[in-house]
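Sequential numbering from 459 applies to the sequence shown in our numbering.
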Amino acid sequence: MIRNTTKRQKLGWVIFIVYLVFLAYFLFFSEDFGRTREDYAYNLVPLREIRRFFLYSHIVGVQAFFLNIVGNVVGFMPFGFFLPVISRRSRLWYNTVLLSFLFSLSIETIQLVFRVGSFDVDDMILNTLGGILGFVCYKIVQRIRKRRRMGAKA
């Protein structure tokens with residue numbers, strides 16, 4: 459596996475692993491994100507929490523809104539971006555979407571089993587959306603790289 463990888467893929471793996479370490483810290487250990495609280499909550503109704511944050515953003519505050527809604531999307535964008543870098547199979551959009559969803563489901567299930575954070579189906583939706591947006595960013599970068607190569611050859 460290592461012999462057939464490019465320098466870009468190797469660098470992608472390093473960045474991807476560092477990203478996963480930081481993600482694990484913020485999702486499971488960071489006290490700033492309420493990971494040590496005693497009470498536990500879960501949401502199995504799709505779009506319930508997303509709707510609540512939109513409707514009551516003036517009550518919960520801008521910081522809580524961005525942390526929950528935007529944070530879940532932005533937090534998973536590197537996942538969707540680096541998957542196609544490190545794996546040729548993930549260059550197909552549906553593989554990246556599926557892996558983003560499955561990874562998010564795994565994280566939420568770990569939170570449910572160990573009662574760390576909260577299991578929220580809306581987080582899975584937002585995380586998967588972040589993976590999709592990361593993949594779109596990857597495709598945009600690839601188009602720019604391709605145009606630059608074509609321009610350099612001309």
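For glycine and all other residues, C-beta sits at the position ideal for the given N, C-alpha and C.
Status (buried if at least 16 other CB within 10 Å, exposed otherwise) for residue i
i	result
LEU584	buried
THR567	exposed
PHE572	exposed
PHE512	exposed
ILE598	exposed
ILE475	exposed
MET582	buried
ILE508	buried
PHE480	exposed
DSSP state of residue i mapped onto helix, strand, coil
i	result
TYR498	coil
Under 8 angstroms between C-beta atoms of residue i and residue j
i	j	result
GLY588	VAL532	yes
GLN467	ILE527	no
GLY592	GLY519	no
PRO542	TYR596	yes
TYR483	PHE540	no
GLN569	PHE577	yes
LEU469	GLY575	no
Nearest-angstrom Cα separation, counted from residue j out to residue i
i	j	result
TRP551	ALA499	33 angstroms
PHE620	LEU563	An answer regarding residue 620 cannot be provided, because it is not within the stretch 459 to 612 covered by the chain.
PRO504	VAL579	6 angstroms
THR464	TRP471	11 angstroms
VAL594	SER488	29 angstroms
THR586	LEU525	16 angstroms
VAL555	ALA610	33 angstroms
ASN553	ARG546	10 angstroms
ASN530	SER548	21 angstroms
TYR514	ARG506	12 angstroms
Chain C within 8 angstroms of residue i, Cβ atoms only
i	result
PRO542	As a matter of chain content, chain C is missing from the structure shown, which is built from one protein chain.
Worksheet item: Which runs of the beta strand (DSSP E) fall wholly inside the stretch 507 to 568 and span at least 3 residues, in chain order?
Response: none
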